[in-house]
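In my numbering, the protein residues as written are 1286 to 1361.
Next up, the structure:
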């Protein structure tokens, strides 16, 4: 996987893969390849978000602010 992709580029590629898989008009082998690439892109995005969270925590704690915490989404 290309670690040089930006978060936005990876998300765009992931969105295209999801659309292809949801349409269901591709051969099984291609669907499996797309699924695998999608999982790799998902992991890349997750890792980039985790790194950003760590950076925010560092910046905030270095400036005497409270530790950064993501808000959990409220369920309806």
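Virtual Cβ for every residue (Gly too), placed ideally from N, Cα, C.
Keep in mind the model is a prediction, meaning the values are calculated, not measured.
Exercise for review: Below 8 Å on the Cβ atoms is my guess for residue 1322 versus residue 1302; work out the distance and round it to an integer in Å.
Suggested key: By one-based count along the chain shown, residue 1322 stands at place 37. By one-based count along the chain shown, residue 1302 stands at place 17. With a Cβ gap of about 6 Å, residue 1322 and residue 1302 count as contacting.
Practice item. Could you tell me the distance, in whole angstroms, from the CA atom of residue 1311 to the CA atom of residue 1297? Key: As a first step, residue 1311 must be located in the chain shown, where it is residue number 26. As a first step, residue 1297 must be located in the chain shown, where it is residue number 12. Rounded to whole angstroms, the separation of the alpha carbons of residue 1297 and residue 1311 is 19 Å.
Check your understanding: For residue 1316, which residues of its own chain have a beta-carbon under 7 Å away from its beta-carbon, when the five flanking residues on both sides are left out?
Key -> Taking the first residue of the chain shown as 1, we reach residue 1316 at position 31. Excluding five sequence positions before and after residue 1316, the CB atoms of its chain that fall closer than 7 Å to its own CB belong to 1306, given in chain order.
Check your understanding: What is the DSSP secondary structure of residue 1319, reduced to helix, strand or coil?
Key -> Within the chain shown, residue 1319 is the residue found at index 34, counting from 1. Residue 1319 falls in the helix class under three-state DSSP.
Check your understanding: I think residue 1334 touches residue 1290, with their Cβ atoms under 8 Å apart; what is that distance to the nearest whole Å?
Key -> The sequence position of residue 1334 within the chain shown is 49, counting from 1. The sequence position of residue 1290 within the chain shown is 5, counting from 1. Residue 1290 and residue 1334 do not touch by the CB rule: their CB atoms are close to 14 Å apart, not below 8 Å.
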